[in-house]
C-alpha cells in the first residue's frame, strides 16, 4: 500500500487491512465507528437526482425488483418534500430511520398491489436499520469529500450481507456523483478503490436478472475512469464477476487458479491464446500473468512476498485510531416540524399513488426444500448454517435453499464469532415470521430479546452458567440473564454496542444491588461502556466486564 501514490479506500470484509495501520498513516473505520447518511447527496448533487441514484443502489444491493424500487423512489421524494429540501438544501437531511418511519405510517389504499411493495421495502429497510447499529444514525455523516484525501479502510466485518453490499455500492456511487458534480474530468488518476470478494458488488447473477434491468453499479464502472477513479477488484471466482467489470478493467492479473471454470473465465477475459492459456495453467504460488490494455500481449511476472503479522486486536486498533476517530465530526439526526406534524396521529393527507409494475419477488412462494430449512431455523434458531446443510442430500442443495430464503426476504444472514470459530446464523424477518405462521402453521416466537446475535449470546451464557451448577433464567428482572445465588443475585447484560441504553440497564441493576456482569461482543465495546459509566459517575468496580467469548470458559462466580 505504501507504493500507491494516490489516496485509496479499501472495503474490508475480513479485518485484513487493519494490520497495516502501524506501518502507514492509515485511517481504519470499523463499522461501529462509521457515520454515514446515504440520504444526504454529495455536494453539488440535487436531492431529486440523488433520490434516483439511491433507490437504484438500494434496490440492487437488497435484490428489489422494479415495482418495489419505484415505490421506494416515491417515498424518498415524499420525504425530501417533508424536509423542504427541494427549496432549501441547507437544512437537516432525513436518515434511513426517518424513511422507515414514513413508510411505516403510509396510509395507502391496501386494496392495490402497492401494499405488497410497501411490505417488501419496509422488510429490507427494517433489517438494515436494525443490524447497522449507529452507522445511519445521523443527519450528516463524516465528510466523504475529506475522506477522499486520505487512505481509508472501511471494516464491514460483522454487518449483514445486505448492509455490507449496500455500503460498498452507495459509497462507490457517492464518489462518482461527487466527481461528476465537481467536474473532475481528465485530471489523471487521483483516487483508488480496493474491493476484495468483488462478486459481492459486481455479481453476474444480478447483471443477468432481466427483471431488474442493468445494475446502476455496472453503469458507474464504465464511467468512473474519466473522473480519475481507479478500481482494483479481486475475487477467486472470476466466473461470478459481471461482464462489465471484466470488460472495463484496463489491467488484468491472473494468478494460480483452482478450478477449470474460474481459469477459463479469466483466460477468456484476457483473450489468451491456447498456448498462453497452457502456460498460465502451470502458474505456481507467487507467479502471475499480467495484461495491460489490448495492444501489448500478456507477460509473466513474479510477485513480492509481503510478510505481515496479523496481531491487531480490537483493543489495540482502538488505541491506534482513537485520536483519528475523535477528529471526525458528524451531525446528529434532526427532524423538521413539518415531518413531525405529518406523522402525527390522525394524519389525513393522502399522497397520490403512482402506477407500479408488479414485482414477482414480492409474493413468497418457497420450494419444499426452502420450507424444510425454514422449519429447522424456527426449531433450532442458533444452529450453525453448515450443520443445517446436513439435512440435505448435498451442501449445494442446502445453500440453494438458503439463498432462496434470503432472496425472498424471509431471513437475513448474520455471523457470530465464538471460541469454537465463526458460525453463520439465519434470522427470521417480519415477513419470515408471517410466512412461518400462515404457511407452515408454526409458532415463530422466540425466547430472549433483540436480534439473533444478541439472543445467541443470551442462550450461550445461560447454558454456561447452568454448566456451573447454577439456575439461570432469561428475561427475569429486566436482565438478559438472571441467576439467584440464594444470598445474592447475579444479572448478566449482553452488550452488542457502546450506547447509552446499556448504561441505563446497568444503572437500574446497580440500584437493586445486583452483582452485575457485562458481556460485550468486543473489548472495544467494553472500554467504551466503562468510559460512559465514568462520565455518568457510576462505579465501575461494582461491575465485572468481560467479552462474550469468555463465557465458554467461565470462572467461578465472585465471592
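Residue numbers (full-length UniProt numbering): 1 to 559. Note that beta-carbon positions come from the ideal geometry of N, C-alpha and C, so glycine has one too. The structure presented is a predicted model; accordingly, all values stated were derived computationally and were not measured.
DSSP places residue 455 in the uninterrupted alpha helix (DSSP H) bounded by 452 to 467. Collapsing the DSSP output to three states places residue 484 in a strand. In the pairwise beta carbon analysis, the stretch 425 to 433 is classified as not touching the stretch 460 to 471: fewer than three pairs are separated by under 8 Å. The beta-carbon distance between residue 519 and residue 551, rounded to whole angstroms, is 6 Å. This is short enough to meet the 8 Å contact definition. Bounds of the beta strand (DSSP E) holding residue 191 are 191 to 195.
DSSP places residue 400 in the uninterrupted alpha helix (DSSP H) bounded by 395 to 407. In this structure, 170 is the residue among 170, 144, 43 with its C-alpha nearest to the C-alpha of residue 59. Here residue 249 carries a coil assignment [DSSP, helix/strand/coil]. In the DSSP assignment, no residue is bridged to residue 41. The distance from the Cβ of residue 62 to that of residue 162 is about 5 Å, consistent with a contact at the 8 Å cut-off.
DSSP places residue 53 outside any beta strand (DSSP E); the residue lies instead in the alpha helix (DSSP H), whose first and last residues are 47 to 61.
Annotation for residue 27: the continuous beta strand (DSSP E) segment containing it runs 27 to 30.
The way I'd put it, the stretch 9 to 19 does touch the stretch 184 to 202; three or more beta-carbon pairs between them come closer than 8 Å.
In the displayed model, residue 412 falls within a strand according to three-state DSSP. Counting only the Cα atoms, residue 372 lies some 23 Å from residue 160. Setting aside the 5 residues that flank it on each side, residue 27 is surrounded in the same chain by 147, 150, 151, 152, 153, 321, 324, each with a C-beta closer than 8 Å to its C-beta; the list follows chain order. Three or more beta-carbon pairs drawn from the stretch 503 to 512 and the stretch 534 to 549 are found closer than 8 Å, and the two stretches are therefore classed as touching.
Taking C-beta atoms as the reference points, residue 405 and residue 444 fail to come closer than 9 Å. The residue among 482, 402, 383, 390 with its C-alpha nearest the C-alpha of residue 453 is 383.
A residue is called buried once 16 or more other Cβ atoms fall within 10 Å of its Cβ, and residue 247, having fewer, is exposed. For residue 262 against residue 234, the beta-carbon gap comes to about 13 Å, at or over 8 Å, which does not count as contact. For residue 476, the uninterrupted beta strand (DSSP E) segment begins and ends at 472 to 476. Taking C-beta atoms as the reference points, residue 306 and residue 229 fail to come closer than 9 Å. With a threshold of 16 other beta carbon atoms within 10 Å, residue 480 meets it and is buried. DSSP assignment within the stretch 150 to 201 yields the following whole beta strand (DSSP E) runs of 3 residues or more, N-terminal first: 152 to 155, 191 to 195. Counting only runs of 4 or more residues that sit fully inside the stretch 287 to 343, the alpha helix (DSSP H) segments are 314 to 327, 337 to 342, in chain order. Residue 544 sits in a strand when the DSSP states are folded into three classes. Residue 427 carries a strand assignment under DSSP once its states are collapsed to helix, strand and coil. In the pairwise beta carbon analysis, the stretch 119 to 129 is classified as not touching the stretch 310 to 320: fewer than three pairs are separated by under 8 Å. Ranked by Cα distance from residue 265, the first of 464, 282, 278, 240 is 240. Counting of Cβ neighbours within 10 angstroms places residue 422 among the exposed residues, the total staying below 16. For residue 494, there is no enclosing alpha helix (DSSP H); the enclosing beta strand (DSSP E) has its first and last residue at 489 to 495. Nearest neighbour of residue 71 by Cα position, chosen from 85, 56, 392, 255, turns out to be 56.
Take residue 442, set aside five residues on each side of it, and the residues of its chain with a beta-carbon closer than 7 Å to its own are 375, 378, 436, in chain order.
Sequence-distant partners of residue 296 (beyond 5 residues in either direction) whose C-beta falls short of 7 Å from its own C-beta are missing from its chain. Residue 10: not part of any alpha helix (DSSP H); member of the beta strand (DSSP E) spanning 8 to 12, first to last residue.
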